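These notes are about the structure you will find just below.
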Amino acid sequence: MVEDEASRALNILTIDETGMLVEDNALDVRMMRAFGRKLTDLEGLSIDADGYLYATTSHSLTQKGERKADREQMLRFRITGNGVSDIATFGGLRDTLAADTALREAVLQATGQHIDMNALNIEGLAFVRQSGHLYVGLRAPMAGTQGIIVVIENPDEMFNGSARPRFGAPILLELQGGGIRALSYDAVLDAFLIVNELEGFDGNRFSQLWRWSGNPAVQPEPIALPDIINLNNVESIDSIVIDGEPRLLIMSDEGSEKKNEPARYMMLDYGQLTER
Numbered sequence: 211m212v213e214d215e216a217s218r219a220l221n222i223l224t225i226d227e228t229g230m231l232v233e234d235n236a237l238d239v240r241m242m243r244a245f246g247r248k249l250t251d252l253e254g255l256s257i258d259a260d261g262y263l264y265a266t267t268s269h270s271l272t273q274k275g276e277r278k279a280d281r282e283q284m285l286r287f288r289i290t291g292n293g294v295s296d297i298a299t300f301g302g303l304r305d306t307l308a309a310d311t312a313l314r315e316a317v318l319q320a321t322g323q324h325i326d327m328n329a330l331n332i333e334g335l336a337f338v339r340q341s342g343h344l345y346v347g348l349r350a351p352m353a354g355t356q357g358i359i360v361v362i363e364n365p366d367e368m369f370n371g372s373a374r375p376r377f378g379a380p381i382l383l384e385l386q387g388g389g390i391r392a393l394s395y396d397a398v399l400d401a402f403l404i405v406n407e408l409e410g411f412d413g414n415r416f417s418q419l420w421r422w423s424g425n426p427a428v429q430p431e432p433i434a435l436p437d438i439i440n441l442n443n444v445e446s447i448d449s450i451v452i453d454g455e456p457r458l459l460i461m462s463d464e465g466s467e468k469k470n471e472p473a474r475y476m477m478l479d480y481g482q483l484t485e486r
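Written as structure tokens, this is what we have:
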């Protein structure tokens, strides 16, 4: 499952015997029609042990500072054969977060920072199988130099319509001033991987990879990955299996259809990861 832009927010790709990715355009169109809604600025995907896929848009304002319903969507669904089923949606996350004074107070008590949910921008999403919680990684707002993970403790009730989201204590991670651009649990490492952007000494921004145990009391560790500096706007990191061996796939969002320029990616052996 690959997320893209609003015209085709989600795509299903298969891997053929040569290792090439194969797209079924007709299947993708049927899937998008099944959702029955436009999805703009889709940012995060995750999956649980029962095969449910979770997706979220950014929930951010437009460049004109306007709210749009198609930018404020969370979904849960399954892929079954050549179709999508068990579709459930929730469109009230932004309002629920804005109204939750306990969450803002928890951040203030822990960091001394006031956060403004009007700046909300979601770019990370991870289902936590041990707890059944859904982690929502925020690019914005931040608490000073710390990134924020919003914990939804009741995703089942939220998606079946029986309850609004119940938030656990927010997780605050020292990320040196860059908001979360990607968040995923990696079963090979038994840890979460986070990507953000930092500002270098020359003023240029670069992508930084972090490894986090999942323990809110333990801060993430930066991973030295020199070649990642060649990728701009990294927004996704996932574990895949190639020829029976696990690999780490890091993808950037830097392509331009108008310029006929593709986005770039890195595929790594896990042995190439070293904490600095």
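Read in order, the letters of the sequence shown are residues 211 to 486 in the working numbering. Think of the CB as a built atom: it goes at the ideal place given N, C-alpha and C, for glycine as much as any other residue. For clarity, every value in this text was computed on a predicted model and none was experimentally measured.
Quick one: give me the first and last residue of the alpha helix (DSSP H) that residue i is part of.
i       : result
Ile-474 : A small fix is needed here, since residue 474 is Arg in this sequence, not Ile. Per DSSP, Arg-474 belongs to no alpha helix (DSSP H) and is neither H nor E.
Val-239 : 235-245
Phe-377 : From DSSP, Phe-377 is part of no alpha helix (DSSP H); its letter is neither H nor E.
Glu-333 : Element bounds for Glu-333: not the alpha helix (DSSP H) but the beta strand (DSSP E), 331-338.
Met-368 : 365-369
List the whole-angstrom C-beta distance separating residue i from residue j, where the pair is believed to meet the contact cut-off of C-beta under 8 Å.
i       : j       : result
Leu-220 : Tyr-264 : The pair is not a contact, with the Cβ atoms about 12 Å apart (cut-off 8 Å).
Ile-447 : Arg-457 : Wrong, their Cβ atoms sit about 11 Å apart, outside the cutoff.
Thr-250 : Lys-278 : 7 Å
Leu-435 : Leu-459 : Leu-435 to Leu-459, Cβ: 13 Å. No contact.
Glu-333 : Gly-254 : 7 Å
Ile-401 : Arg-415 : In the sequence as presented, Ile is not what sits at residue 401; that position holds Ala. Their Cβ separation, rounded to whole angstroms, is 25 Å, which puts Ala-401 and Arg-415 out of contact at 8 Å.
Asp-437 : Met-461 : Not really, about 14 Å apart at Cβ, beyond 8 Å.
Arg-286 : Tyr-262 : 5 Å
Glu-464 : Asn-442 : 4 Å
Ile-325 : Pro-351 : 4 Å
Arg-339 : Ala-259 : 5 Å
What residues are listed by DSSP as bridge partners for residue i?
i       : result
Arg-288 : Ser-295
Leu-458 : Ser-449 and Leu-478
Pro-432 : Trp-420
Ala-265 : Leu-255 and Leu-285
Leu-303 : According to DSSP, which records beta bridges pairwise, Leu-303 is partnered with nothing at all.
Glu-464 : For Glu-464, which the question treats as bridged, DSSP gives no partner whatsoever.
Gly-357 : Leu-383
Leu-231 : Ile-225
Thr-484 : Ala-434
Ile-362 : Leu-344 and Phe-377
Can you check whether the CB of residue j is closer than 8 Å to the CB of residue i?
i       : j       : result
Val-444 : Ala-392 : yes
His-269 : Arg-304 : yes
Ser-394 : Leu-403 : yes
Gly-389 : Asn-406 : yes
Gly-354 : Thr-311 : no
Phe-369 : Ile-257 : no
Thr-272 : Pro-375 : no
Asn-328 : Arg-349 : no
Gly-301 : Gln-283 : yes
Ile-222 : Ile-297 : no
Leu-385 : Gly-413 : no
Leu-483 : Ile-433 : yes
Phe-377 : Leu-318 : no
Thr-228 : Leu-252 : no
Tyr-480 : Val-398 : yes
For the beta strand (DSSP E) containing residue i, list its first residue and its last residue.
i       : result
Val-317 : Taken as a continuous stretch (DSSP letters only), Val-317 belongs to no beta strand (DSSP E), being part of the alpha helix (DSSP H) at 311-321.
Arg-421 : 415-422
Asn-425 : Segment: none, Asn-425 is in no beta strand (DSSP E) and carries neither H nor E.
Glu-407 : 401-409
Asp-396 : 390-396
Pro-351 : 343-353
Leu-249 : Segment: none, Leu-249 is in no beta strand (DSSP E) and carries neither H nor E.
Ile-225 : 223-225
Exercise. Can at least three beta-carbon pairs, one atom from the segment 372-386 and one from the segment 344-357, be found at a separation below 8 Å?
Worked result: Per the Cβ contact rule, the segment 372-386 is in contact with the segment 344-357 (3 or more Cβ pairs under 8 Å).
For this session: Determine, using beta-carbon pairs with one atom in the segment 291-306 and one in the segment 236-246, whether at least three such pairs fall under 8 Å.
Result: Pairwise C-beta distances place the segment 291-306 in contact with the segment 236-246, as three or more of them are shorter than 8 Å.
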